[in-house]
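Worksheet: one structure, shown below.
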């Protein structure tokens, strides 16, 4: 947080000590409200995305689990989404403290993204994204969930990567599947073979 000392000093010079309302006017002018830096705004967008991903995952998992088991699952889901859209005390607190807004549209997009991932990669593939923050979808991935889900690498490939990385950390040299050891005659001089 960056504090603008000059603005505070200027505002303090305008306070009339005999008038308590002048302090209240100063407070309402927003002089003590910190300005958001670009880094803070980026962190806030990322936090909104992660919270939308969590809410979307929960919504998708609950809808999938309730489907076919609860006769009014669709109505219950819609009632929950409407209640969520109205916002509760937690949303209001986050909005007041850090400017965080959990938009209903964003939550629906996140649920569609998780559904697309489950369709393309299965439940284990969908849930494997929680294994590392770098694997989680970004804000841009919400626009086309089908393309994101279809375009993702198989996380099965990461097992080999992690194994090779572990070998490197232990001082071993991992080999690629098509690596072959050099033959004994590779160190011979470069003279052409004269057929003898």
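Numbering (our numbering), first residue to last: 112 to 307.
Where is the CB? At the ideal position from N, CA and C, for every residue including glycine.
Pairwise C-beta distances place the region 215 to 232 in contact with the region 161 to 169, as three or more of them are shorter than 8 angstroms. Residues of the same chain with a CB within less than 8 angstroms of the CB of residue 134, apart from the 5 flanking positions on each side, are 126 in chain order. In the structure shown, the three-state DSSP call for residue 210 is coil. Contact between the region 224 to 233 and the region 241 to 256 is present, with at least three C-beta pairs closer than 8 angstroms. The Cβ-Cβ distance between residue 211 and residue 155 falls below 8 angstroms.
Assignment of residue 284 by DSSP, reduced to helix, strand and coil, places it in the coil class. Rounded to the nearest angstrom, the gap between the Cα atoms of residue 228 and residue 239 is 10 angstroms. DSSP, reduced to helix, strand and coil, places residue 257 within a helical segment of the structure shown. One alpha carbon belongs to residue 189, the other to residue 123, and they sit about 52 angstroms apart. Burial of residue 160 is indicated by the presence of at least 16 other C-beta atoms within 10 angstroms of its C-beta. Around the beta carbon of residue 128, fewer than 16 other beta carbons sit within 10 angstroms, so the residue counts as exposed. Here the C-alpha atom of residue 262 lies approximately 11 angstroms from the C-alpha atom of residue 232.
Between residue 215 and residue 180 a beta carbon distance of about 25 angstroms is seen, past the 8 angstroms cut, so the two are scored as non-contacting. Counting the other CB atoms within 10 Å of its CB gives residue 197 a total below 16, which places it among the exposed residues. Nearest to residue 245 by C-alpha distance, out of 117, 149 and 157, is 157. In terms of Cβ geometry, residue 163 and residue 217 form a close pair [threshold 8 angstroms]. Residues of the same chain with their beta carbon placed closer than 6 angstroms to that of residue 117 are lacking, with the five preceding and five following residues left out of the count. With contacts defined by Cβ atoms closer than 8 angstroms, residue 230 and residue 207 do not form a contacting pair.
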